[in-house]
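Novice: Just passing along the structure, written as C-alpha cells.
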Amino acid sequence: MSMFFEDAVLLRLFLSEDDKYEGKPTYKCVVELCKERHISGATVFRGLLGYGKSSTLHRGGLFGLSSDLPVVVEIIDKEENIKGLLPELMNIIKDGVITMERVKVVKRKSV
C-alpha cells in the first residue's frame, strides 16, 4: 500500500454552545449545512474550559453540566468548496471566530 497527499483547507469555527441560529444550536446548523453542500467532513468538539473576547471563563460545572461551554467545529474539504461555503457560514455565525489553514490530507492508495 502506498500513500499520496492531497491539498485541502481546514476551517475551524470557535463558538459557544449557547449560540443559536433560527432557534437551533449554531454548531448543529453548521454541520447540517456542510452535509447538504457535500463537504468532505465536519466534526464538533465540546471544550472543557475556555474564554473568548469577553474574557469570561466558560467551564463545565458539577459533572460537566453547563450550557455555555466552548465549541469548536472543524470542517475540511478542497479550497474551492470551503470558499463556496464561507458566505453561508458568515450568515449563520454571528459571534464566533473562524480560522482557515491549508493542510495535506494523507490518502491510501492500493497498489
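Its first residue numbered 15, the sequence shown is counted upward by one per residue in the working numbering.
For every residue, glycine included, the Cβ atom is placed at its ideal position computed from N, Cα and C.
Quantities reported herein were computed from a predicted structural model and do not represent experimental measurements.
1) Could you tell me which residues DSSP puts in a beta bridge with Arg116?
2) Since Leu83 and Gly110 should fall inside the 8 Å C-beta cutoff, what is the C-beta to C-beta distance between them, to a whole number of angstroms?
3) Quick one: grab the DSSP three-state call for Met17.
4) State the Cα-Cα distance for the pair Asn95 and Tyr35, rounded to the nearest angstrom.
5) Report yes if the C-beta distance between Val23 and Ala56 is below 8 Å; otherwise report no.
6) For Val87, which beta-bridge partners are listed by DSSP?
7) In the DSSP assignment, find the unbroken alpha helix (DSSP H) run with Ile106 in it and report its ends.
8) So for Tyr35, helix, strand or coil by DSSP?
9) Which residues mark the beginning and the end of the alpha helix (DSSP H) in which Tyr41 is found?
Specialist: According to the structure shown:
1) As a position in the sequence shown, residue 116 is number 102, starting the count at 1. Its beta-bridge partners are Val23.
2) Taking the first residue of the sequence shown as position 1, residue 83 is located at position 69. Taking the first residue of the sequence shown as position 1, residue 110 is located at position 96. In fact, because the Cβ distance is near 13 Å, the residues do not count as touching under 8 Å.
3) Sequence index remark: in the sequence shown, residue 17 carries index 3 (1-based). In this structure, Met17 counts as strand in the three-state DSSP scheme.
4) Position 81 of the sequence shown, counted from the first residue, corresponds to residue 95. Position 21 of the sequence shown, counted from the first residue, corresponds to residue 35. Answer to the nearest angstrom: the Cα atoms are 22 Å apart.
5) The count along the sequence shown starts at 1 and reaches residue 23 at position 9. The count along the sequence shown starts at 1 and reaches residue 56 at position 42. Result no, Cβ atoms of Val23 and Ala56 do not sit closer than 8 Å.
6) As a working note, residue 87 is residue 73 in the sequence shown. Val87 is bridged to Leu27, Val58.
7) Residue numbering aside, residue 106 sits at position 92 when the sequence shown is read from its first letter. Per DSSP, Ile106 belongs to the alpha helix (DSSP H) from 93–106.
8) For the purposes of this step, residue 35 is taken as the residue at position 21 of the sequence shown. Strand.
9) Counting from one through the sequence shown, the residue named residue 41 turns up at place 27. 40–50 is the extent of the alpha helix (DSSP H) around Tyr41.
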